[in-house]
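One line per chain: the protein sequences are A and B, in this order.
Just so it is clear: in the first sequence, position 200 is 200 by full-length UniProt numbering, and no numbers are missing.
Just so it is clear: in the second sequence, position 85 is 85 by full-length UniProt numbering, and no numbers are missing.
A quick write-up on the structure given underneath.
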Amino acid sequence: MEAIWLYQFRLIVIGDSTVGKSCLIRRFTEGRFAQISDPTVGVDFFSRLVEIEPGKRIKLQIWDTAGQERFRSITRAYYRNSVGGLLLFDITNRRSFQNVHEWLEETKVHVQPYQIVFVLVGHKCDLDTQRQVTRHEAEKLAAAYGMKYIETSARDAINVEKAFTDLTRDIYELVKRGEISIQEGWEGVKSGFVPNVVHSSEEVVKSDRRCLC
Amino acid sequence: MAAESGRQFWKRSAKLPGSIQPVYGAQHPPLDPRLTKNFIKDRSKANVLPVKSKKASSFHEFARNTSDAWDIGDDEDEDFTSSSSSLQTLNSKVAKAAAAQVLENHSKLRVKPERAQPALSDMPTNCKVNKSSSEAQLSRMSEETCVRTPLQKQQSLPLRPVIPLVARISDQNASGAPPMTVREKTRLEKFRQLLSSHNTDLDELRKCSWPGVPREVRPVTWRLLSGYLPANMERRKLTLQRKREEYFGFIQQYYDSRNEEHHQDTYRQIHIDIPRTNPLIPLFQQPLVQEIFERILFIWAIRHPASGYVQGINDLVTPFFVVFLSEYVEEDVENFDVTNLSQDVLRSIEADSFWCMSKLLDGIQDNYTFAQPGIQKKVKALEELVSRIDEQVHNHFRKYEVEYLQFAFRWMNNLLMRELPLRCTIRLWDTYQSEPEGFSHFHLYVCAAFLIKWRKEILDEEDFQGLLMLLQNLPTIHWGNEEIGLLLAEAYRLNCSLIQVPDENALSVTGWRIPWGCRARSFSGPSFIPRALWVQEGAARTCPLLSLLFAFLQV
Numbered sequence: 001m002e003a004i005w006l007y008q009f010r011l012i013v014i015g016d017s018t019v020g021k022s023c024l025i026r027r028f029t030e031g032r033f034a035q036i037s038d039p040t041v042g043v044d045f046f047s048r049l050v051e052i053e054p055g056k057r058i059k060l061q062i063w064d065t066a067g068q069e070r071f072r073s074i075t076r077a078y079y080r081n082s083v084g085g086l087l088l089f090d091i092t093n094r095r096s097f098q099n100v101h102e103w104l105e106e107t108k109v110h111v112q113p114y115q116i117v118f119v120l121v122g123h124k125c126d127l128d129t130q131r132q133v134t135r136h137e138a139e140k141l142a143a144a145y146g147m148k149y150i151e152t153s154a155r156d157a158i159n160v161e162k163a164f165t166d167l168t169r170d171i172y173e174l175v176k177r178g179e180i181s182i183q184e185g186w187e188g189v190k191s192g193f194v195p196n197v198v199h200s201s202e203e204v205v206k207s208d209r210r211c212l213c
Numbered sequence: 001m002a003a004e005s006g007r008q009f010w011k012r013s014a015k016l017p018g019s020i021q022p023v024y025g026a027q028h029p030p031l032d033p034r035l036t037k038n039f040i041k042d043r044s045k046a047n048v049l050p051v052k053s054k055k056a057s058s059f060h061e062f063a064r065n066t067s068d069a070w071d072i073g074d075d076e077d078e079d080f081t082s083s084s085s086s087l088q089t090l091n092s093k094v095a096k097a098a099a100a101q102v103l104e105n106h107s108k109l110r111v112k113p114e115r116a117q118p119a120l121s122d123m124p125t126n127c128k129v130n131k132s133s134s135e136a137q138l139s140r141m142s143e144e145t146c147v148r149t150p151l152q153k154q155q156s157l158p159l160r161p162v163i164p165l166v167a168r169i170s171d172q173n174a175s176g177a178p179p180m181t182v183r184e185k186t187r188l189e190k191f192r193q194l195l196s197s198h199n200t201d202l203d204e205l206r207k208c209s210w211p212g213v214p215r216e217v218r219p220v221t222w223r224l225l226s227g228y229l230p231a232n233m234e235r236r237k238l239t240l241q242r243k244r245e246e247y248f249g250f251i252q253q254y255y256d257s258r259n260e261e262h263h264q265d266t267y268r269q270i271h272i273d274i275p276r277t278n279p280l281i282p283l284f285q286q287p288l289v290q291e292i293f294e295r296i297l298f299i300w301a302i303r304h305p306a307s308g309y310v311q312g313i314n315d316l317v318t319p320f321f322v323v324f325l326s327e328y329v330e331e332d333v334e335n336f337d338v339t340n341l342s343q344d345v346l347r348s349i350e351a352d353s354f355w356c357m358s359k360l361l362d363g364i365q366d367n368y369t370f371a372q373p374g375i376q377k378k379v380k381a382l383e384e385l386v387s388r389i390d391e392q393v394h395n396h397f398r399k400y401e402v403e404y405l406q407f408a409f410r411w412m413n414n415l416l417m418r419e420l421p422l423r424c425t426i427r428l429w430d431t432y433q434s435e436p437e438g439f440s441h442f443h444l445y446v447c448a449a450f451l452i453k454w455r456k457e458i459l460d461e462e463d464f465q466g467l468l469m470l471l472q473n474l475p476t477i478h479w480g481n482e483e484i485g486l487l488l489a490e491a492y493r494l495n496c497s498l499i500q501v502p503d504e505n506a507l508s509v510t511g512w513r514i515p516w517g518c519r520a521r522s523f524s525g526p527s528f529i530p531r532a533l534w535v536q537e538g539a540a541r542t543c544p545l546l547s548l549l550f551a552f553l554q555v
């Protein structure tokens, strides 16, 4: 029935309208690419297991959010219970890159008292000829905020796995080191079912989590 | 399986308090007992039945009437006309028969003989059982090779073929469908009569439209129901002309401003959403259609700055556009090439869609204003409603930490359009437009009924993930008029029975209004039944015996 997993992480995917949030998630969770799909309203839910090391599986619960401003009042309620996030912009849309800062500000306000581990994602990298944001400036911005940067394409399935698993691995390391801890009433990280293995050292460590963004 | 289908049946058809009484909970109740009786009892005796005998109409009749004539009418008519016990139930004096009929129909529904259908099929064939005549068209060939058993009927749901969204937008009541039954013809005749009278009786029109509007008269009926077209025949032509000119005046005045700075964001959002609207239907991929949608949405948005354009509103143009287009299209609307139409016709469709959509949005604008208070309120009301009518489902959500906002936000924001095939939305809107506050107030009850419809599937899921995935992807792809009819019947029942819930505070907290058709009605149950029990339709639903008791007592 239930696949065995070590932890469950909740991730949130944010960014401007039409940067390709839903497509990226669908590629990751369903392995397919839809040329056109309805705009997301409110929040959609997805899920997948990832294996970060042989035998070590993490269950990801992914919230796909609507990009349009009007839905913020709904979507911001999901920041609080997320441990990780993918902040997307479209490399062919300069404006969506310029808004990255706003998105981070937005989350910072609403994630309190928790923090989210973000990765900056330059999406639609298959459309390199229409590029409006260079890799260099995106990397610079990501570094300034203490994030990793990765370029992906849902259409050509470039780096989609990597974007999610790298983020998952980073969060896992932080959990293992006790920098992120499982807390009552917080959905960001949950402990899973592991037969015959005790992870006492990794669990319920009361310590402050450091902001990585 | 058998037990489950039995329970489902009781849920839908058991005679319950708050179902049918001379005073209705909705403004335009789906049941006109005179019509029912004429059709069912004796078609030749139209208009001679005494109105007096109306009172005892059973919930079953009511439920049947809320379903479309086109879908289940034929089969059931035969069932009833050939059944003496069914005839008996129509005689209000025979109290017992009400219960007997429920039982008998229950068994009949499960072994119902299918009518012979003319051979015609353009869909993949699969061994399955019809639930509606529109589906019948899709599976006729398969029927000939299938042996029907009651067992199959029960198992039919999972065996249904996946019907693409586009397959049946227009097939309900469409030309090319099997010849009309007497019942359909009479209904259509009634509509034509109403529509062509000097002053259309809007109350009567709403009443007739509640159980579904025939495709042939849907465009004009919708224009009337939305309040766009005047009831007075003489004023119609002029009004249409004036309103259409007014709309194109707006276009002239404002549309160029779409690239100006203060409207740029609005237009950009619309512009990127339109190609993503109804992505599976070829009609909406045509540039001409997309331009029409852009104009309608942009003009509406800048004329309503409090909300502006919000994703989801784009979906709401679709039903109007399709219905008004269908006036000029004989074949499948979804594949129609609009360049075949004259510019004048297209302009009329565009303007009419704009005005009717505007009327709709007037009633739900707080869904789209800042922080979307209308939706927040309705989702909260839905939660409260479900906690009353189905505690088990409600507790199940709580147990697995599912929040109503997580799945029902979209139900409110897009009026269930993302959850239902377009053909079903169109049918649903026949009723919404017949209700005084169909798109706001009544929609809430439809959502509750819709949720409870999946109670078995919900209770089968035993974790958060499974529940969310289910609720986001409810399998309605095969749905047609019959399912919508049942959904509406259930919503109607809930709407009516809620009035008897005594907790006034709870009602005011969530902003529920008492359905005005219900207001005059006082508690009419027998005094020896505790009021609390009487309003516990949940108990009746899960306990057939209790339903029977109610059935006896109420007649």
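C-beta: ideal position from N, C-alpha, C; glycine also.
This one's a predicted model, so the numbers in the text were calculated from it and none came from an experiment.
Where does residue i fall in DSSP's three states?
{"i": "E461 (chain B)", "result": "coil"}
{"i": "V51 (chain B)", "result": "In this predicted model, V51 (chain B) has a pLDDT of only 37, less than 50, meaning its place in the structure is not dependable enough to derive any value."}
{"i": "S133 (chain B)", "result": "Its pLDDT being 36, under 50, S133 (chain B) is placed unreliably by the model, and the measurement read from it follows with that caveat. Correct three-state label for S133 (chain B): helix."}
{"i": "K190 (chain A)", "result": "strand"}
{"i": "Y149 (chain A)", "result": "strand"}
{"i": "L6 (chain A)", "result": "coil"}
{"i": "K243 (chain B)", "result": "helix"}
{"i": "residue 578 (chain B)", "result": "The structure shown does not extend to residue 578 (chain B), since chain B spans only 1 to 555, so no value can be given for it."}
{"i": "R72 (chain A)", "result": "helix"}
{"i": "A63 (chain B)", "result": "Confidence at A63 (chain B) is low in this model, with a pLDDT of 43, below 50, so its placement is unreliable and the value that follows should be read with caution. A63 (chain B) falls in the helix class under three-state DSSP."}
{"i": "R148 (chain B)", "result": "Since pLDDT at R148 (chain B) reaches only 35, below the 50 mark, its modelled position is unreliable, and no value is offered."}
{"i": "E51 (chain A)", "result": "strand"}
{"i": "V182 (chain B)", "result": "helix"}
{"i": "G15 (chain A)", "result": "strand"}
{"i": "G312 (chain B)", "result": "coil"}
List, in chain order, every chain B residue whose beta-carbon is nearer than 8 Å to that of residue i.
{"i": "Q132 (chain A)", "result": "Those within 8 Å of Q132 (chain A) in chain B number zero; the least Cβ separation is about 15 Å."}
{"i": "D44 (chain A)", "result": "Q472"}
{"i": "Q68 (chain A)", "result": "Q269, V310, Q311"}
May I ask which residues mark the beginning and end of the alpha helix (DSSP H) holding residue i?
{"i": "D90 (chain A)", "result": "D90 (chain A) -> not in any alpha helix (DSSP H); beta strand (DSSP E) instead, spanning 84-90."}
{"i": "K399 (chain B)", "result": "391-399"}
{"i": "E139 (chain A)", "result": "135-144"}
{"i": "R94 (chain A)", "result": "94-98"}
{"i": "G485 (chain B)", "result": "481-498"}
Quick one: which chain B residues come within Cβ less than 9 Å of residue i?
{"i": "Q183 (chain A)", "result": "Chain B residues near Q183 (chain A): none, gap ~15 Å exceeds 9 Å."}
{"i": "Q115 (chain A)", "result": "Chain B residues near Q115 (chain A): none, gap ~22 Å exceeds 9 Å."}
Taking residue i as the query, report the chain B residues whose CB atoms sit under 7 Å from its CB, ordered along the chain.
{"i": "residue 246 (chain A)", "result": "The first residue shown for chain A is 1 and the last is 213, placing residue 246 (chain A) beyond what the model contains."}
{"i": "A138 (chain A)", "result": "What A138 (chain A) touches in chain B: nothing, since even the nearest Cβ is about 22 Å away."}
{"i": "R27 (chain A)", "result": "What R27 (chain A) touches in chain B: nothing, since even the nearest Cβ is about 17 Å away."}
{"i": "T18 (chain A)", "result": "I272"}
{"i": "Q61 (chain A)", "result": "Q465"}
Tell me, to the nearest whole angstrom, how far the beta carbon of residue i is from that of residue j; I am working on the premise that it is less than 8 Å.
{"i": "V338 (chain B)", "j": "Q406 (chain B)", "result": "In fact, because the Cβ distance is near 38 Å, the residues do not count as touching under 8 Å."}
{"i": "V52 (chain A)", "j": "T165 (chain A)", "result": "For the record, residue 52 (chain A) in the displayed sequence is Ile; it is not Val. About 6 Å; that satisfies the 8 Å criterion."}
{"i": "L325 (chain B)", "j": "I349 (chain B)", "result": "6 Å"}
{"i": "K148 (chain A)", "j": "V175 (chain A)", "result": "In fact, because the Cβ distance is near 17 Å, the residues do not count as touching under 8 Å."}
{"i": "V117 (chain A)", "j": "I171 (chain A)", "result": "5 Å"}
{"i": "Q132 (chain A)", "j": "N93 (chain A)", "result": "6 Å"}
Have a look at the options and flag the residue whose alpha-carbon is nearest the alpha-carbon of residue i.
{"i": "G227 (chain B)", "options": "B:A371, B:D362, B:A449, B:I302", "result": "B:D362"}
{"i": "F293 (chain B)", "options": "B:C208, B:L346, B:T369, B:R183", "result": "B:L346"}
{"i": "I452 (chain B)", "options": "B:H478, B:P421, B:E490, B:G480", "result": "B:E490"}
{"i": "N473 (chain B)", "options": "B:A381, B:R493, B:E457", "result": "B:E457"}
{"i": "R480 (chain B)", "options": "B:N495, B:Q433, B:I426", "result": "Sequence check: residue 480 (chain B) is Gly here, not Arg. Nearest of B:N495, B:Q433, B:I426 to G480 (chain B), Cα basis: B:I426."}
{"i": "I158 (chain A)", "options": "A:Q130, A:Y114, A:I25, A:D44", "result": "A:I25"}
{"i": "G20 (chain A)", "options": "A:L60, A:G67, A:F45, A:K108", "result": "A:G67"}
{"i": "V83 (chain A)", "options": "A:F71, A:K108, A:I74, A:R70", "result": "A:K108"}
{"i": "D352 (chain B)", "options": "B:E331, B:R398, B:P214, B:T239", "result": "B:T239"}
Please list the partners that residue i has in chain A, where partner means a Cβ-to-Cβ separation under 8 Å.
{"i": "residue 558 (chain B)", "result": "The question about residue 558 (chain B) has no answer, for chain B in this structure spans 1 to 555."}
{"i": "A371 (chain B)", "result": "S73"}
{"i": "Y368 (chain B)", "result": "R70"}
From which residue to which residue does the beta strand (DSSP E) around residue i run?
{"i": "S307 (chain B)", "result": "Per DSSP, S307 (chain B) belongs to no beta strand (DSSP E) and is neither H nor E."}
{"i": "W63 (chain A)", "result": "56-65"}
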